[in-house]
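The numbering used here applies: residue 109 is where the sequence shown begins, and numbers increase by one.
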Amino acid sequence: MISRTTAGVRFRDGHPFLILRPGRAYWTVRIITPRDRKNDGRKKILSPVPKNSYHEKAGPRKSPIRFPESASAAPHPNHSFVKIPGPMNHIPAFKAAILVAAGICAAHFARLSPAWAWPVLAGLVLIRSLPGRWKARGLNQAVLVSALVVLGALRYGTATGRPVSGHVAALPDSLDCALEGFPASDPEIRPDRFTMELEPERIILKDTARPVRGRVLVRFRKSPGSRFGYGDRIRVTGRLTRPPPRRNPGGFDYRAWLERQGIRKILTVPEADGAEILAGHSGSPLLRRVIFPARRRILARIDRLYPESGRPLMRTLLAGDRTEMDADTEEAFAETGIIHILAVSGLHTGFIVLILRLLFGMCRLPKTAETLLVISGLAAFALITGARPPVVRAALMASIYLTGLLIDRGASPFNTVGAAALILLLPKPARLFDPGFLLSFTAVMGILYLYPKLDGAVRSAAPPGFLGRHPWIRGITGLLFVSLAAQAGTLPVAVSVFNRLPLLGWLFNLAAVPVAGLIVLLGFASLFFSAFSVEIGLSYAALNQALIRGLVWAVESLGRSGRFAVSVPTPSWPVILIYITALILAGEWKRKTVRKGLIFALLAWMNCAVWPAVTGREYRNLRVLHFDVGQGDAALVRLPRGKTLLIDGGPADGRFDCGARIIAPYLIREGIRRIDALVLTHPHLDHVGGLPAIMERFRVGRILIAGTEFRSAAYETFLETAERKRIPVQEVTAPDSLVLVPAVKIRILNPEPRFKGKPQNRAGAVNNQSIVLQIVYGKTVLMMMGDAEIAVEKHLMNRYTDLGAAVLKTGHHGSRTSSSPGFVKRAAPDYAVVSVGARNRHGHPAPETLDRLRSAGAEIVRTDKHGAVLFATDGNALRMKTCIRNADP
């Protein structure tokens with residue numbers, strides 16, 4: 109048994125004492141025999157050890173420590189200082205978390221099956237059990253390191269692998285059924301949707317029922333109201349499907365996002381009466397009777413105390429409920445670099461600890477009881493606010509710190525971070541790829557590593573006694589350095605996820621964080637005092653409302669200007685490693701040996717970043733990406749030497765703009781800032797709708813249109829935007845051509861002058877005025893048909909002999925009025941792309957059209973089934989990849 113003293117650690121079991129004293133980067137050990145204990149007393153305090161004594165008297169640096177069985181065999185205490193070997197002895201939890209995370213990453217990116225991990229673990233155990241004389245020096249540590257990496261990979265594989273029988277994920281897709289179970293949380297009610305997470309217990313198919321487990325997201329197309337909540341046993345009837353996957357490169361992967369939360373299926377309930385409350389209750393009694401009722405009361409009290417303008421922010425800050433937050437307001441917080449304020453995390457946890465310690469301190473409770481009650485309060489607060497990774501991380505770190513104080517042992521901040529990460533990752537290893545998890549932990553790591561170095565630099569640079577005479581300066585620099593360190597830590601994650609770099613986020617945080625802290629403090633005060641007197645609570649809320657109004661006004665004013673954030677492409681792994689290495693190099697510059705290694709690593713990462721871009725084939729390839737824009741068309745052609753051609757922009761309406769939500773984010777991620785040529789095949793909404801958003805956000809060299817006299821509101825907006833942005837607009841007809849790079853020939857095969865008639869607003873007439881493009885690169889030909897129909901196809905067959913194409917983008921979304929048998933036979937495509945929306949009201953694509961394409965030997969790829977489709981060619985070979993399947997056929 110080991111007990112801690114103010115200066116060391118001692119054994120009480122009669123064996124030789126082991127005294128540990130923290131050195132600069134290691135622990136020193138001293139053996140004390142019973143004779144020394146008799147002479148020197150029950151405790152032996154180590155005096156400072158001279159720096160040279162370890163190297164002169166310790167012997168080999170990694171010699172094992174063996175304790176004698178008898179006191180007479182103990183070495184003399186005056187010369188028995190040795191270094192405990194092994195890399196895991198210093199901040200072990202932090203290093204263990206890194207190794208487990210490395211295993212999770214290996215299993216995720218290499219798609220490793222968990223089957224291989226069990227034999228590897230067995231082999232490691234066998235190696236560990238070898239007799240001592242067969243073990244190489246350092247083998248124990250190598251086995252431990254390997255075991256932790258394998259543990260991470262194994263845990264990820266078992267958590268995300270193929271579901272076992274009886275799990276809801278093993279059920280077939282598009283299954284009409286009824287599920288009985290209980291909500292895992294209270295329903296989420298928004299103006300446009302009503303959802304809840306369900307823990308199913310039984311599934312009912314027709315007249316049969318069987319047990320089932322897992323977690324399901326239930327969506328109600330018509331709101332049933334808030335008739336039920338956590339713990340109520342309910343039956344819901346609807347269609348069970350898999351969550352939709354990512355449909356465009358770099359787009360939001362809804363399926364992966366839900367799977368990280370343990371949700372594998374979605375049950376869509378078509379009617380409001382599709383839910384029925386059953387007898388009995390399920391779930392945790394603590395959550396059912398304490399946590400969720402407390403959350404409901406808090407939200408109800410906020411609604412009562414605060415007006416409509418301040419209610420969304422207070423629900424977000426105090427209860428983690430963003431259901432009422434306006435999307436434009438959230439975007440403004442992101443633009444100014446202070447979006448983290450909206451996440452319940454360390455700031456809120458600190459106030460909870462302060463309030464609870466003051467409250468329990470006034471009750472004069474014993475220290476153990478007070479600490480346990482504060483930790484229990486933190487756990488309850490984390491559950492009430494939704495138990496998201498930032499607040500759970502903060503609550504865990506605070507709990508570990510308080511536990512260390514209780515047992516009189518200081519905890520390393522890095523070790524505390526590592527322990528919190530392990531507690532979060534082992535149950536749900538997919539959390540490692542959750543942006544909230546990554547932002548929370550990288551912010552803390554940035555503060556822990558960079559803040560002491562920045563603060564130390566200021567202390568060194570300041571004249572002696574200056575900071576002592578001006579403490580306010582140190583306070584301001586402290587806030588500034590915390591903000592800088594947090595932003596520096598989160599920068600790789602924030603840029604990779606959001607493709608946005610706030611230029612003055614560190615400066616805005618300097619003012620916004622204290623204001624947000626005061627808002628949170630006044631919010632807690634208003635809730636607390638309203639429990640005794642609503643009038644007092646309202647007075648605090650009125651004061652807080654003024655602060656809320658000022659903060660939201662300032663953020664929205666700055667965010668809407670668009671001057672304080674820039675869009676940046678997604679960085680590659682070498683670029684991220686360059687940034688991290690440079691950051692550590694700046695912090696460790698004075699350590700010569702470390703500096704040399706970091707400089708070498710920095711040069712290696714730079715080579716990895718530069719050479720593939722210079723010598724890679726992607727720079728010489730022609731790539732065509734057909735976006736999945738639903739029932740519409742949009743394609744990006746990336747020519748050799750970096751030139752770009754955008755063909756159509758998909759639809760847009762009041763709810764969703766394909767240009768702003770699909771095409772623009774992809775262009776930003778890829779680092780494309782200029783569209784050299786923009787082609788509008790024809791002015792129907794499903795082709796022109798998304799183009800104004802592209803013209804607003806990117807430089808456009810010129811615009812090619814068919815010159816139709818058709819007019820619509822969307823087309824007028826397009827022309828007005830082009831005029832306002834001073835983009836040249838050119839009407840084209842066959843046989844014009846477009847030259848962007850000499851190696852690629854772009855021919856315009858349609859419209860012919862005879863198709864450019866009066867403003868016939870019939871759909872077919874406008875469709876036949878579509879621009880048809882033939883793109884030729886080496887031996888590869890691609891044909892882009894727009895919405896051209898059979899009349900245009902007949903004209904093309906009469907006029908041109910070279911209509912063969914490796915890739916044919918079918919006309920008019922695969923309708924029966926396009927892709928005639930003769931034209932398909934002449935084109936003889938290897939691939940036929942059908943850009944179409946799932947379950948569209950037009951019935952596209954027509955079955956007979958698909959049959960004609962198959963008869964011609966074409967492989968059909970559809971955006972409604974395969975998502976976005978990418979073709980790449982060097983002029984000879986042609987490669988195809990789909991977004992959903994993400995594999996070559």
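Ideal Cβ placement from N, Cα and C applies to all residues, glycine included.
None of these values were measured; they are calculated from a predicted model.
Which partner residues does residue i have in the DSSP bridge list?
i	result
Met-891	Gln-882 and Leu-916
Cys-213	Cys-213 pairs with nothing; no bridge assigned.
Gln-838	Leu-812
Glu-70	Since the displayed the chain opens at 109 and closes at 997, residue 70 lies outside it and no answer follows.
Met-304	Val-326
Lys-853	Val-884
Val-732	Val-745 and Phe-979
Pro-967	According to the sequence displayed, residue 967 carries Glu and not Pro. Tyr-939, per the DSSP bridge assignment.
Val-787	Ile-755 and Leu-812
Pro-319	Arg-310
Asp-429	In the DSSP output, where bridge partners are listed per residue, Asp-429 has none listed.
Leu-609	Val-674
Val-683	DSSP output for Val-683 lists no bridge partner at all.
Assuming contact is defined by CB atoms lying nearer than 8 Å, are residue i and residue j in contact in what I supplied?
i	j	result
Phe-541	Phe-202	no
Leu-395	Ile-410	no
Ser-254	Leu-234	no
Val-913	Val-889	Position check: residue 913 holds Ala in this sequence, whereas Val was assumed. Yes, these two residues count as a Cβ contact at 8 Å.
Gly-289	Glu-307	yes
Ile-492	Ile-581	no
Leu-881	Ile-856	yes
Val-874	Phe-931	no
Leu-558	Gly-695	yes
Leu-210	Val-257	It should be pointed out that residue 210 corresponds to Ala in this sequence rather than to Leu. The answer is yes: Cβ separation under 8 Å.
Asp-736	Arg-350	no
Val-948	Gln-739	First, the amino acid is wrong: residue 948 is Asn here, not Val. Yes, Cβ-Cβ distance for Asn-948 and Gln-739 is below 8 Å.
Under a Cβ-count criterion, where at least 16 other Cβ atoms within 10 Å of its own Cβ denotes burial, should residue i be classed as buried or exposed?
i	result
Ala-133	In this prediction, Ala-133 scores a pLDDT of 38, lower than 50, which makes its location untrustworthy; no coordinate-derived value is stated.
Trp-614	buried
Arg-993	exposed
Pro-850	exposed
Gly-573	exposed
Trp-697	exposed
Pro-474	exposed
Phe-360	exposed
Lys-314	exposed
Asp-756	buried
Ile-1002	In the structure as shown, the chain begins at 109 and stops at 997. Residue 1002 is therefore absent and cannot be evaluated.
Phe-441	buried
Asp-294	buried
Gly-418	buried
Ile-854	buried
Asp-434	exposed
Ser-665	exposed
When the Cα atoms are used, what is the spatial distance from residue i to residue j?
i	j	result
Ala-402	Leu-287	28 Å
Phe-636	Val-663	28 Å
Pro-997	Asn-984	Residue placement at Pro-997 is flagged as unreliable, the pLDDT there being 42, under the threshold of 50; a coordinate-derived value is accordingly withheld.
Arg-343	Pro-682	51 Å
Ile-555	Ala-596	9 Å
Tyr-999	Ala-649	With the chain covering 109 to 997 only, the question about residue 999 has no answer from this structure.
Ala-980	Gly-758	22 Å
Gly-485	Leu-464	8 Å
Ile-771	Arg-960	31 Å
Leu-651	Asp-741	52 Å
Thr-424	Glu-443	18 Å
Val-324	Gly-337	15 Å
Arg-368	Arg-539	6 Å
Phe-545	Gly-339	28 Å
Arg-924	Pro-291	47 Å
Quick test of your reading: residue i and residue j, contact by CB under 8 Å. State the CB separation rounded to the nearest angstrom.
i	j	result
Ile-297	Thr-431	7 Å
Arg-327	Ile-385	18 Å between Cβ atoms; not a contact.
Thr-457	Ala-488	Not a contact, Cβ separation roughly 12 Å.
Should residue i be counted as a contact of the ligand ATP given a C-beta to heavy atom distance under 7 Å?
i	result
Ala-488	Absence of the ligand ATP from the depicted structure is noted, as is the absence of any ligand whatsoever, leaving it without description.
Is there at least one Cβ from chain B nearer than 8 Å to residue i's Cβ?
i	result
Ala-215	As a matter of chain content, chain B is missing from the structure shown, which is built from one protein chain.
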